[in-house]
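Asks: The structure that follows is given in the form of structure tokens.
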Amino acid sequence: MSANDPLLYREPTPLAVPPVTLEGETVRLAPLEMSHAPALAAVLEPGIFEHFNVVLSTLGDVEAYIADTLAAAERGVERPFVILEKETGTPVGSTRYLDIQRKHRTLEIGSTWLARRVWRSRVNTECKYLLLRHAFEDLKVMRVQLKTDRRNARSRAAIERIGGRFEGILRHHMLVRGGVVRDTAFYGFIDSEWPEAKARLEAMLAGR
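FYI, numbering that gives the first Met the number 0 numbers position 2 of the sequence shown as 1, with every residue one higher than the one before it.
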């Protein structure tokens, strides 16, 4: 095969992303339900959604947020999770698979938000590990994308720390928070890179 020959993917069947619970050492990712809304509303704090395209500040906001993603899940384009502290079962945030491309076997990890008390802990790293492992090893995806506001230095550093490859800036990508123009930084993992990324994440989680 020459460098100009097209690649043939080993899993040409359409991608299916059913509900699943993912177990880590300190977190559990469970299917998000409307019943989680009050506990998630209880951990809302100013600043959590500084770079989001929506700002959640009330129980009603959280209920609308959950309703939107559950509707997207029904259409097969998202799969949302609640992030639970494994020891207590307490919700500390939410994350999801989104932009699920069934024909092309790709998806995105995003819309991740966490209570401030678990910032700079292993929670976000473990969530990304569980989601990436499930995507590549169980769902057999070809590519996983992550994106964030160009100005969100904390989020960009976190993605780069776990091995996401910077792929570029999409300028004037969207309008957020009442008309603010957002440029978006895109990162990605592909299936051939997963073994190296997995080892990196496991070393991080082991404290090495």
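Cβ atoms here follow ideal geometry from the backbone N, Cα and C, with glycine treated the same way.
Just so we're clear, the structure is a prediction, and the values are computed from it rather than from any experiment.
1. Can you tell me whether L169 is helix, strand or coil according to DSSP?
2. If I follow the unbroken beta strand (DSSP E) through P30, where does it start and stop?
3. Tell me, to the nearest whole angstrom, how far the beta carbon of L169 is from that of I158; I am working on the premise that it is less than 8 angstroms.
4. Under 8 angstroms by Cβ, that's how I've got V16 and I99 pegged, so tell me the actual separation to the nearest angstrom.
5. Evaluate A63 with the Cβ neighbour count: other Cβ atoms within 10 Å of its Cβ, from every protein chain shown; 16 or more gives buried, anything less gives exposed.
6. Compare the C-alpha of G92 against each of P13, A184, V42, V140 and name the closest.
7. For R153, which option in K139, K85, F48, L138 has the closest C-alpha, if you only look at C-alpha atoms?
8. Is it buried or exposed, F217, if we count other Cβ atoms within 10 angstroms and call 16 or more buried?
9. Use the C-beta contact count for W193: other C-beta atoms within 10 angstroms, 16 or more gives buried, fewer gives exposed.
10. Which residues in the same chain as D148 place their Cβ atom closer than 8 angstroms to its Cβ, once the five residues preceding and following it in sequence are excluded?
11. Give the DSSP-derived three-state secondary structure of S110 in the structure shown.
Replies: Once the coordinates are examined:
1. The sequence position of residue 169 within the sequence shown is 170, counting from 1. DSSP places L169 in strand when its eight states are reduced to three.
2. Taking the first residue of the sequence shown as position 1, residue 30 is located at position 31. Residues 26-30.
3. Stepping through the sequence shown from its first residue, residue 169 is reached at position 170. Stepping through the sequence shown from its first residue, residue 158 is reached at position 159. For a cut-off of 8 angstroms, the C-beta gap from L169 to I158 is around 15 angstroms, too long to register as a contact.
4. For the purposes of this step, residue 16 is identified with residue 17 of the sequence shown, where counting begins at 1. For the purposes of this step, residue 99 is identified with residue 100 of the sequence shown, where counting begins at 1. Right, their Cβ atoms sit about 5 angstroms apart.
5. Position 64 of the sequence shown, counted from the start, is the residue given in the question as residue 63. With fewer than 16 other Cβ atoms within 10 Å, it is exposed.
6. Taking the first residue of the sequence shown as 1, we reach residue 92 at position 93. G92 has its Cα closest to that of V42, out of P13, A184, V42, V140.
7. Taking the sequence shown and counting its residues from 1, the one referred to as residue 153 is at position 154. Nearest option by C-alpha distance: F48.
8. With the chain represented from 0 up to 207, any question about residue 217 goes unanswered, as that position is not in the structure.
9. Position 194 of the sequence shown holds residue 193. Under this definition W193 is a buried residue.
10. As a position in the sequence shown, residue 148 is number 149, starting the count at 1. Spatial neighbours of D148 in its own chain (CB-CB distance under 8 angstroms, excluding positions within 5 residues in sequence) are listed in chain order as H50, S154, V175, R181, D182, T183, A184.
11. Walking along the sequence shown from the start, residue 110 turns up at place 111. S110 falls in the strand class under three-state DSSP.
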